[in-house]
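Using our numbering, the letters of the sequence shown correspond one by one to residues 4 to 509. Taking it in order: structure first as structure tokens, then the write-up.
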Amino acid sequence: MEEPVSYPEEIGPKHWPISRFTHVMKLRQAALRAAREKWSDYILFVDADNLLTNPQTLNLLIAENKTLVAPMLESRSLYSNFWCGITPQGYYKRTLEYPLIREWKRMGCFAVPMVHSTFLIDLRKEASAKLAFYPPHPDYTWSFDDIMVFAFSSRQAGVQMFICNREHYGFLPMPLKPQQSLQEEAENFVHTLIEAMIDRPPVEPSQYISVPPKHPDKMGFDEIFMINLKRRKDRRDRMLKTLYEQEIAVKVVEAVDGKALNTSQLKALSIEMLPGYRDPYSSRPLTRGEIGCFLSHYYIWKEVVSRGLEKTLVIEDDVRFEHQFKRKLMKLMDDIEQAQLDWELIYIGRKRMQVQEPERAVPNVRNLVEADYSYWTLGYAISFHGAQKLIGAEPFSKMLPVDEFLPIMYNKHPVTKYMEYYESRDLKAFSAEPLLVYPTHYTGQPGYLSDTETSTIWDNETVSTDWDRTHSWKSRQQGKIHSDAQNKDALPSQPSLDTPSARDEL
Numbered sequence: 004m005e006e007p008v009s010y011p012e013e014i015g016p017k018h019w020p021i022s023r024f025t026h027v028m029k030l031r032q033a034a035l036r037a038a039r040e041k042w043s044d045y046i047l048f049v050d051a052d053n054l055l056t057n058p059q060t061l062n063l064l065i066a067e068n069k070t071l072v073a074p075m076l077e078s079r080s081l082y083s084n085f086w087c088g089i090t091p092q093g094y095y096k097r098t099l100e101y102p103l104i105r106e107w108k109r110m111g112c113f114a115v116p117m118v119h120s121t122f123l124i125d126l127r128k129e130a131s132a133k134l135a136f137y138p139p140h141p142d143y144t145w146s147f148d149d150i151m152v153f154a155f156s157s158r159q160a161g162v163q164m165f166i167c168n169r170e171h172y173g174f175l176p177m178p179l180k181p182q183q184s185l186q187e188e189a190e191n192f193v194h195t196l197i198e199a200m201i202d203r204p205p206v207e208p209s210q211y212i213s214v215p216p217k218h219p220d221k222m223g224f225d226e227i228f229m230i231n232l233k234r235r236k237d238r239r240d241r242m243l244k245t246l247y248e249q250e251i252a253v254k255v256v257e258a259v260d261g262k263a264l265n266t267s268q269l270k271a272l273s274i275e276m277l278p279g280y281r282d283p284y285s286s287r288p289l290t291r292g293e294i295g296c297f298l299s300h301y302y303i304w305k306e307v308v309s310r311g312l313e314k315t316l317v318i319e320d321d322v323r324f325e326h327q328f329k330r331k332l333m334k335l336m337d338d339i340e341q342a343q344l345d346w347e348l349i350y351i352g353r354k355r356m357q358v359q360e361p362e363r364a365v366p367n368v369r370n371l372v373e374a375d376y377s378y379w380t381l382g383y384a385i386s387f388h389g390a391q392k393l394i395g396a397e398p399f400s401k402m403l404p405v406d407e408f409l410p411i412m413y414n415k416h417p418v419t420k421y422m423e424y425y426e427s428r429d430l431k432a433f434s435a436e437p438l439l440v441y442p443t444h445y446t447g448q449p450g451y452l453s454d455t456e457t458s459t460i461w462d463n464e465t466v467s468t469d470w471d472r473t474h475s476w477k478s479r480q481q482g483k484i485h486s487d488a489q490n491k492d493a494l495p496s497q498p499s500l501d502t503p504s505a506r507d508e509l
């Protein structure tokens, strides 16, 4: 079948006029006809941008013994490849059941009125003979849309559609709006790829697909450091692949392993815990894991100063990236430069701890706020002068976790007695809003492991500090921020509620 370069009536490469729907429906019908002519037992339809990461997907679907069954695919939102409700006009209808299935609060194989994108048809079943993608059923009067046409065909054929979520099967990208570009589609697909890598091996392209070469760069920074423990090769490999997919070039910095630090090394560095410091959740003192984390960041600050780096990005190895991360961060840094903002630290990932009041939006820079008390050092930009200030504070003799140290340095720590040990607290600190990186895992989730919390007491290597099991609040997900404390002034105006949404957008 001839491949059209464009379609009549289209307003952009992501617009779906009737001619484009017709072409796709004819392609699927041709595939279905070919399978029937070969006396195939099954036919599996998979959209080109869907990623099946479970190698047992086909066997698992066959085992369900359904005429038409789909594996539930994941996306960066609630969007998936099924509907639980349809309006009388054939459009998507919100239901209470949908989020329960999509979030695995109900697990099994469920009868639904619509599946799309990836699904299996059992051609051995008698009812499958009546299924058709094209032409539409003679009684069809709904909008001309490929998935709606096929859902109607299935209903008329007496074939019930099923969605299965017993396992994690794979991913699909969010649908784009008609006016969006091919570049945005590429970014959308890359984000789907890197999300699939968080808990699974990288998705490798088929040998039959030609993949254009990538050209990683530093996004306008003088250097990008990625901190990684040598023994955490799993994280290093995932991050390097994730960064490569986004065309980001980094320098890997071997983290200081707190578990390998001994008392003699701490004494040689003149490291002493800040007097009176206690973890706010477990009341434990500083751990060697936290010292290792602090030193890892400290040595980067030293390199920033020694090399005279004016603008540096630091990221840890356990982050997941926001959609269009590279584009959004480069735009933010460009806006900051245009506004001639005097900055020294910019969080791009953190846990906001002050949630009673909104943070102050930065004039003339969209998506930036003045940082209040925050946890985590997932990712941040630091300037030459910022690194100088952090080193100049001489923190080794009064050490506490690095994510407690930073708020002290910009004078936003809630514990006054900690701040009294640091005379100069004028670091100019800001934060992206919304954030651009997040933890890959939170406390209690499968795959969560803390190399800072699971350690030993800083001055007694015989006392272990595995408080993750019971005192895990620090690593838990950001708590709900009250509407009055939202950083709304830093965000662009929201579209009107009257703006029509995509046919299957949630």
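We put the beta carbon where it would ideally sit given N, CA and C, even for glycine. Source: prediction; values computed, not measured.
Asked	Found
Quick one: is Pro361 buried, meaning 16 or more other Cβ sit within 10 Å of its Cβ, or exposed?	buried
Applying the 10 Å Cβ sphere with the 16-neighbour rule, what's the burial state of Asn414?	exposed
Starting from Gly292, trace the alpha helix (DSSP H) both ways and give me its first and last residue.	Arg291 to Arg310
For Arg472, which of helix, strand or coil comes out of DSSP?	Note on Arg472: pLDDT 46, under 50, position unreliable in the model; the coordinate value appears next. Three-state DSSP puts Arg472 in a helix.
Kindly identify the DSSP beta-bridge partner or partners of Pro74.	Cys167
I need the boundaries of the alpha helix (DSSP H) containing Glu40, first residue and last residue.	Ile21 to Glu40
Which residues does DSSP list as the beta-bridge partners of Arg281?	Note: Arg281 sits in no beta bridge, so no partner.
Taking the DSSP output, what are the residues bridged to Tyr45?	Asp125
Contact between the region 300-307 and the region 210-222 is defined here as three or more beta-carbon pairs at a separation below 8 Å; is this criterion met?	no
Just the Cα atoms here: how many angstroms apart are Asp149 and Asn367?	45 Å
Could you tell me the alpha carbon to alpha carbon distance between Tyr96 and Ser120, rounded to whole angstroms?	Correcting the residue type first, residue 96 is Lys in the shown sequence and not Tyr. The straight-line gap from Cα to Cα measures roughly 18 Å.
Who are Gly88's beta bridge partners in DSSP?	Per DSSP, none; premise fails for Gly88.
Along the chain, where does the beta strand (DSSP E) containing Lys254 start, and where does it finish?	Lys254 to Glu257
Of the residues Ile411, Met336, Leu134 and Phe387, which one's Cα is nearest the Cα of Lys305?	Phe387
Within the same chain, show all residues whose beta-carbon is closer than 6 Å to that of Phe136, passing over the 5 residues directly before and after it, in chain order.	Met28, Arg31, Gln32 and Phe153
When the Cα atoms are used, what is the spatial distance from Arg363 to Ala432?	12 Å
Buried or exposed for Asn62, going by 16 or more other Cβ atoms inside 10 Å?	exposed
Using the Cα positions of Lys17 and Pro181, report the straight-line distance between them to the nearest angstrom.	5 Å
Who does Glu207 pair with in a DSSP beta bridge?	In the DSSP output, where bridge partners are listed per residue, Glu207 has none listed.
Going straight from the alpha carbon of Pro410 to that of Thr443, what length do you get?	23 Å
Please report the distance separating the alpha-carbon of Leu332 from that of Glu67.	45 Å
Assuming Phe228 is part of the beta strand (DSSP E), what are its boundary residues?	Glu226 to Asn231
In this structure, what does DSSP give as the bridge partners for Glu50?	In the sequence as displayed, the identity of residue 50 is Asp instead of Glu. The partner list for Asp50 (beta bridge, DSSP) is empty, contrary to what the question assumes.
So what's Lys314 in DSSP terms, helix, strand or just coil?	strand
Pick helix, strand or coil for Ile339, following the three-state DSSP scheme.	helix
Helix, strand or coil for Ser146 per DSSP?	coil
Could you give the C-beta distance for Lys221 and Ala252, rounded to a whole number, given that I count them as a contact under 8 Å?	5 Å
For Val255 versus Met276, is the C-beta spacing smaller than 7 Å?	no
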